[in-house]
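K.L.:
This is the structure I want to talk about, given as structure tokens.
Protein chains: 10
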Amino acid sequence: MLFHVRMDVRLPHDMEPDTLSHLVAREKAYSQQLQRSGKWPHIWRIVGEYANISIFDVESNDELHTLISGLPLFPYMDIHVTPLARHPSDVAQGIDA
Amino acid sequence: MLFHVRMDVRLPHDMEPDTLSHLVAREKAYSQQLQRSGKWPHIWRIVGEYANISIFDVESNDELHTLISGLPLFPYMDIHVTPLARHPSDVAQGIDA
Amino acid sequence: MLFHVRMDVRLPHDMEPDTLSHLVAREKAYSQQLQRSGKWPHIWRIVGEYANISIFDVESNDELHTLISGLPLFPYMDIHVTPLARHPSDVAQGIDA
Amino acid sequence: MLFHVRMDVRLPHDMEPDTLSHLVAREKAYSQQLQRSGKWPHIWRIVGEYANISIFDVESNDELHTLISGLPLFPYMDIHVTPLARHPSDVAQGIDA
Amino acid sequence: MLFHVRMDVRLPHDMEPDTLSHLVAREKAYSQQLQRSGKWPHIWRIVGEYANISIFDVESNDELHTLISGLPLFPYMDIHVTPLARHPSDVAQGIDA
Amino acid sequence: MLFHVRMDVRLPHDMEPDTLSHLVAREKAYSQQLQRSGKWPHIWRIVGEYANISIFDVESNDELHTLISGLPLFPYMDIHVTPLARHPSDVAQGIDA
Amino acid sequence: MLFHVRMDVRLPHDMEPDTLSHLVAREKAYSQQLQRSGKWPHIWRIVGEYANISIFDVESNDELHTLISGLPLFPYMDIHVTPLARHPSDVAQGIDA
Amino acid sequence: MLFHVRMDVRLPHDMEPDTLSHLVAREKAYSQQLQRSGKWPHIWRIVGEYANISIFDVESNDELHTLISGLPLFPYMDIHVTPLARHPSDVAQGIDA
Amino acid sequence: MLFHVRMDVRLPHDMEPDTLSHLVAREKAYSQQLQRSGKWPHIWRIVGEYANISIFDVESNDELHTLISGLPLFPYMDIHVTPLARHPSDVAQGIDA
Amino acid sequence: MLFHVRMDVRLPHDMEPDTLSHLVAREKAYSQQLQRSGKWPHIWRIVGEYANISIFDVESNDELHTLISGLPLFPYMDIHVTPLARHPSDVAQGIDA
Numbered sequence: 001m002l003f004h005v006r007m008d009v010r011l012p013h014d015m016e017p018d019t020l021s022h023l024v025a026r027e028k029a030y031s032q033q034l035q036r037s038g039k040w041p042h043i044w045r046i047v048g049e050y051a052n053i054s055i056f057d058v059e060s061n062d063e064l065h066t067l068i069s070g071l072p073l074f075p076y077m078d079i080h081v082t083p084l085a086r087h088p089s090d091v092a093q094g095i096d097a
Numbered sequence: 098m099l100f101h102v103r104m105d106v107r108l109p110h111d112m113e114p115d116t117l118s119h120l121v122a123r124e125k126a127y128s129q130q131l132q133r134s135g136k137w138p139h140i141w142r143i144v145g146e147y148a149n150i151s152i153f154d155v156e157s158n159d160e161l162h163t164l165i166s167g168l169p170l171f172p173y174m175d176i177h178v179t180p181l182a183r184h185p186s187d188v189a190q191g192i193d194a
Numbered sequence: 195m196l197f198h199v200r201m202d203v204r205l206p207h208d209m210e211p212d213t214l215s216h217l218v219a220r221e222k223a224y225s226q227q228l229q230r231s232g233k234w235p236h237i238w239r240i241v242g243e244y245a246n247i248s249i250f251d252v253e254s255n256d257e258l259h260t261l262i263s264g265l266p267l268f269p270y271m272d273i274h275v276t277p278l279a280r281h282p283s284d285v286a287q288g289i290d291a
Numbered sequence: 292m293l294f295h296v297r298m299d300v301r302l303p304h305d306m307e308p309d310t311l312s313h314l315v316a317r318e319k320a321y322s323q324q325l326q327r328s329g330k331w332p333h334i335w336r337i338v339g340e341y342a343n344i345s346i347f348d349v350e351s352n353d354e355l356h357t358l359i360s361g362l363p364l365f366p367y368m369d370i371h372v373t374p375l376a377r378h379p380s381d382v383a384q385g386i387d388a
Numbered sequence: 389m390l391f392h393v394r395m396d397v398r399l400p401h402d403m404e405p406d407t408l409s410h411l412v413a414r415e416k417a418y419s420q421q422l423q424r425s426g427k428w429p430h431i432w433r434i435v436g437e438y439a440n441i442s443i444f445d446v447e448s449n450d451e452l453h454t455l456i457s458g459l460p461l462f463p464y465m466d467i468h469v470t471p472l473a474r475h476p477s478d479v480a481q482g483i484d485a
Numbered sequence: 486m487l488f489h490v491r492m493d494v495r496l497p498h499d500m501e502p503d504t505l506s507h508l509v510a511r512e513k514a515y516s517q518q519l520q521r522s523g524k525w526p527h528i529w530r531i532v533g534e535y536a537n538i539s540i541f542d543v544e545s546n547d548e549l550h551t552l553i554s555g556l557p558l559f560p561y562m563d564i565h566v567t568p569l570a571r572h573p574s575d576v577a578q579g580i581d582a
Numbered sequence: 583m584l585f586h587v588r589m590d591v592r593l594p595h596d597m598e599p600d601t602l603s604h605l606v607a608r609e610k611a612y613s614q615q616l617q618r619s620g621k622w623p624h625i626w627r628i629v630g631e632y633a634n635i636s637i638f639d640v641e642s643n644d645e646l647h648t649l650i651s652g653l654p655l656f657p658y659m660d661i662h663v664t665p666l667a668r669h670p671s672d673v674a675q676g677i678d679a
Numbered sequence: 680m681l682f683h684v685r686m687d688v689r690l691p692h693d694m695e696p697d698t699l700s701h702l703v704a705r706e707k708a709y710s711q712q713l714q715r716s717g718k719w720p721h722i723w724r725i726v727g728e729y730a731n732i733s734i735f736d737v738e739s740n741d742e743l744h745t746l747i748s749g750l751p752l753f754p755y756m757d758i759h760v761t762p763l764a765r766h767p768s769d770v771a772q773g774i775d776a
Numbered sequence: 777m778l779f780h781v782r783m784d785v786r787l788p789h790d791m792e793p794d795t796l797s798h799l800v801a802r803e804k805a806y807s808q809q810l811q812r813s814g815k816w817p818h819i820w821r822i823v824g825e826y827a828n829i830s831i832f833d834v835e836s837n838d839e840l841h842t843l844i845s846g847l848p849l850f851p852y853m854d855i856h857v858t859p860l861a862r863h864p865s866d867v868a869q870g871i872d873a
Numbered sequence: 874m875l876f877h878v879r880m881d882v883r884l885p886h887d888m889e890p891d892t893l894s895h896l897v898a899r900e901k902a903y904s905q906q907l908q909r910s911g912k913w914p915h916i917w918r919i920v921g922e923y924a925n926i927s928i929f930d931v932e933s934n935d936e937l938h939t940l941i942s943g944l945p946l947f948p949y950m951d952i953h954v955t956p957l958a959r960h961p962s963d964v965a966q967g968i969d970a
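In the order they appear, the protein sequences are chains A, B, C, D, E, F, G, H, I and J.
The first sequence begins at 1 in the working numbering and counts up one residue at a time.
The second sequence begins at 98 in the working numbering and counts up one residue at a time.
The third sequence begins at 195 in the working numbering and counts up one residue at a time.
The fourth sequence begins at 292 in the working numbering and counts up one residue at a time.
The fifth sequence begins at 389 in the working numbering and counts up one residue at a time.
The sixth sequence begins at 486 in the working numbering and counts up one residue at a time.
The seventh sequence begins at 583 in the working numbering and counts up one residue at a time.
The eighth sequence begins at 680 in the working numbering and counts up one residue at a time.
The ninth sequence begins at 777 in the working numbering and counts up one residue at a time.
The tenth sequence begins at 874 in the working numbering and counts up one residue at a time.
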């Protein structure tokens, strides 16, 4: 089941550089683990912004919230989730978009 | 080069049913031709809305505008385009997201 | 799996009264069938508006889109869907909220 | 009398972890006491956000404001209340929605 | 129990003058009956707009929706309801504001 | 001459409790003095928010700005003023609404 | 007493040219009469838009609403009124700004 | 003196094809005459929308309004003008940007 | 050439009172010098807000930006500029509005 | 390939003057290097705001994101990118807009 997720990062300007780089490293590891598991099939940078658009593929709403709220940057992001369904014109019938 | 496109369909309520079904059929054929060509790799329905979120993969801004403005439903849609870049955490290195 | 759905009805002012009453009757029958099936556990009127807030309980995003897009009033409504998860403070553990 | 309440938590990033965990624990206890009393029949997490959608069942506007403004997290939340009425298509006649 | 209601009138430009004047006359009679009954204690014109801000005093959300949806102009208005509570600084203790 | 005023209080989270309670006490005294003078005939709490909707009755725009900008909480509030006129359906002819 | 008024004209595209030119002529005459009376001291065109920003100088809110709602184009305009007060840095002391 | 102008075309769906094509042809001729005169140095299509972003180079606000309001499509466009100044980092010193 | 300028002051709550009063005094002197020069013919307080609406009369966009960005409060204000043109109904022909 | 970029600078008020002037100097040098390379053909100040509108000319979305995210002021700006295409009425055929 697919969901469209937009994440905008809002870091406080007074965060310690070490804290920040540690946080970003943990975020990257967490994200890549989910990507490799197939739960997070797409992640794209929005050009010019510290933000991404992602597609998640999960079993349930609860699973999606657990994955997103576990992001190390979760307290520093504005996040909006949009549920997706199969489009009737989609040629990829039944295959994960 | 990837672009995120959201399309919201706004049909006038007084459109003739035949005109409408013909238009929708042409839209579907046009979309599927582009999907098969690889220019339109993803199309998803937004749950509960007559709207879609799509990913286009094109050579240039001009090509993208030509493709979108050729949509049979183009005069009846609100469309917003967001350019995408590769995300530094993306595990699919160089492979089309 | 629960979803929060807000529906705002926007009827064209020149709709024939007979067409309208027939449409509203079909909408009511459709809604009540889904309520009785357990798919649509809650529907509330927003005070002062021709709008409702509903909770749907479905197996998947695709099922939810099928149910909503089948509403007789679907072409005349602005609809927004918000996916819900279990809240950690919810005392109704595991029981459908 | 039912009310729809959306609460978005906005915690200052420099809050002490102990202060925060104490506050969240008090919030949970307060919420669960109201849920058990029947005043707060539903609480759901909005997927991907530090926010909830709740339904309150109270005797009056004054009672509702007293309950909400007593929330330990009240100074850290954006809250919006929407009054609800019985929907004419609701099959749960007279039974609490 | 008090509610703040804003009503913005949006008349179609092609309404027949007779239909319109009849509708406005019925609206006025309906409003004045509710004012005299004490259910609609205040109505003010917003300067420069075809809109009003009103205060209603009702027993319940259901009663308020019944009163508002019975307005002859209801199909031609955008309406937003805000529930009100007693303010702790209000000197009119217990007396209707 | 009546004006509709909405005030949303935005207190900084790091304000000293003593400073805050002193400020709120001065605000209450200031408000009640104006209420008793007839300049501020109505004040209501918006349910669930640290905000009020008020009606002021003043001689001029200048007087209204002087009264509002003298509020002890003025530096901590978002305020929006809407001028009101007599509504043609108002039954309270000439009597203060 | 000064008020800032923004007016945006929204004409239906199917208005008869004669009806329109007659309406615009009446609007101009009405506006110029008020300008000459001193009630409407300033009117400016917003560059690129069919809209104006005006300053009115009136005795009361009721007078302002009477003047604005008497505009021949009133049914075809979105209008927003902002009350103005003397600015403490204004060098034109007591003289109409 | 440079101005940034965004124009969004909103054509009524029931416009006659001949009327429309005539209108668009006149719009193109009008625009190209201004471009050749140097008054309209840039015009770009916004990708995916029936809209453009333009730069005008004029002597005064009045001249700009005259040029824009003379556009054949003016009654069918939403237009927003933003005045531009020389940027302190601009390397094109004194030369028209 | 006239421009409409709205300025909203957003002071940080922790600014030293001396710094603030010095800043406000400099702002007033700067503003009054421009008013006396004829560059800033009108300044009005928006009732109930720490904001003003002003009219500037300048030779060019560059001059206007220089004047506004020189305001002592410039770093603490949200500012929006709207270019104005002569209105065809304006009776003050050729005379500065 | 052209892109329209709006950048709004939001500096924290407590930034050290030396840090700020160093940052602004680096920003200017970075911007001018890109302007001279032809990647950033236009930059304009928005009158009255600490903001600019720019046109970038790049090979790809990825290149654009690399250029923008390398701006020394990037962490302190709200940035929005709009892709541009050739306009059918543009007289500058094939020549850089």
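Think of the CB as a built atom: it goes at the ideal place given N, C-alpha and C, for glycine as much as any other residue.
1. Suppose you measure from the CA of residue 4(A) to the CA of residue 53(A); what does that come to, to the nearest Å?
2. Closest Cβ-Cβ distance between residue 139(B) and chain C: below 7 Å?
3. Using three-state DSSP, classify residue 687(H) as helix, strand or coil.
4. Examine the ligand GDP and report whether any of its heavy atoms sits within less than 6 Å of the Cβ of residue 356(D).
5. Cβ atoms of residue 339(D) and residue 43(A): under 7 Å apart, would you say?
6. Consult DSSP for residue 759(H) and reduce its assignment to one of helix, strand or coil.
7. I want to verify the contact list: residues of chain G whose CB lies under 9 Å from the CB of residue 537(F), in sequence order.
8. Drop a sphere of 10 angstroms on the beta-carbon of residue 25(A), count the other beta-carbons inside from all chains shown, and report buried for 16 or more, exposed for fewer.
9. What would DSSP say about residue 604(G), mapped onto helix, strand or coil?
10. Taking only beta-carbon atoms, is residue 313(D) less than 7 Å away from chain F?
11. Using the rule of at least 16 other Cβ atoms within 10 Å of the residue's Cβ for burial, across every protein chain shown, is residue 185(B) buried or exposed?
12. How far does the alpha helix (DSSP H) with residue 442(E) in it extend, from its first residue to its last?
13. Would the beta-carbon of residue 549(F) fall within 7 Å of that of residue 512(F)?
14. On the DSSP letters alone, give me the boundaries of the alpha helix (DSSP H) that residue 356(D) sits inside.
15. Determine which residues of the stretch 292–322 of chain D have a Cβ less than 9 Å from any Cβ of chain A, and write them out in chain order.
16. Determine, for residue 930(J), whether the minimum Cβ-Cβ distance to residues of chain H falls below 7 Å.
17. Exposed or buried, which one is residue 902(J) when buried takes at least 16 other CB atoms within 10 Å?
18. Identify which residue in 90(A), 22(A), 40(A) and 60(A) has its Cα closest to the Cα of residue 6(A).
19. Within the 7 Å Cβ cut-off, does residue 283(C) reach chain D?
20. For residue 904(J) and residue 910(J), what's the separation of their Cα atoms in angstroms?
21. Alpha carbons only, please: which of 98(B), 108(B) and 99(B) is nearest the one belonging to residue 272(C)?
22. In chain J, what lies closer than 9 Å to residue 172(B) by C-beta?
23. Report, in whole angstroms, the separation of the C-beta atoms of residue 673(G) and residue 811(I), which I expect to be a contact under 8 Å.
24. Give me, in chain order, the residues of the same chain whose beta-carbon lies closer than 6 Å to that of residue 857(I); leave out the 5 immediate sequence neighbours on both sides.
25. Which word fits residue 471(E), buried or exposed, when buried means at least 16 other C-beta atoms lie within 10 angstroms of its C-beta?
26. Going by beta carbon distance, what residues of the same chain come within less than 6 Å of residue 694(H), once the five residues before and after it are set aside?
27. Return the bridge partner residues of residue 626(G) from the DSSP annotation.
28. DSSP state of residue 422(E), grouped into three classes?
P.N.:
Concretely, from the data shown:
1. 7 Å
2. no
3. strand
4. No copy of the ligand GDP occurs in the structure displayed, which carries no ligand at all.
5. no
6. strand
7. By Cβ distance, chain G contributes nothing, its closest Cβ being about 19 Å from residue 537(F), past 9 Å.
8. exposed
9. helix
10. no
11. exposed
12. Looking at the DSSP string, residue 442(E) is not in any alpha helix (DSSP H); the run it does join, the beta strand (DSSP E), is 439–445.
13. no
14. 352–360
15. 302, 304 and 305
16. no
17. exposed
18. 40(A)
19. yes
20. 10 Å
21. 108(B)
22. Residues of chain J passing the Cβ test: none, with the nearest at roughly 16 Å.
23. 5 Å
24. 779 and 781
25. buried
26. none
27. 635(G) and 862(I)
28. helix
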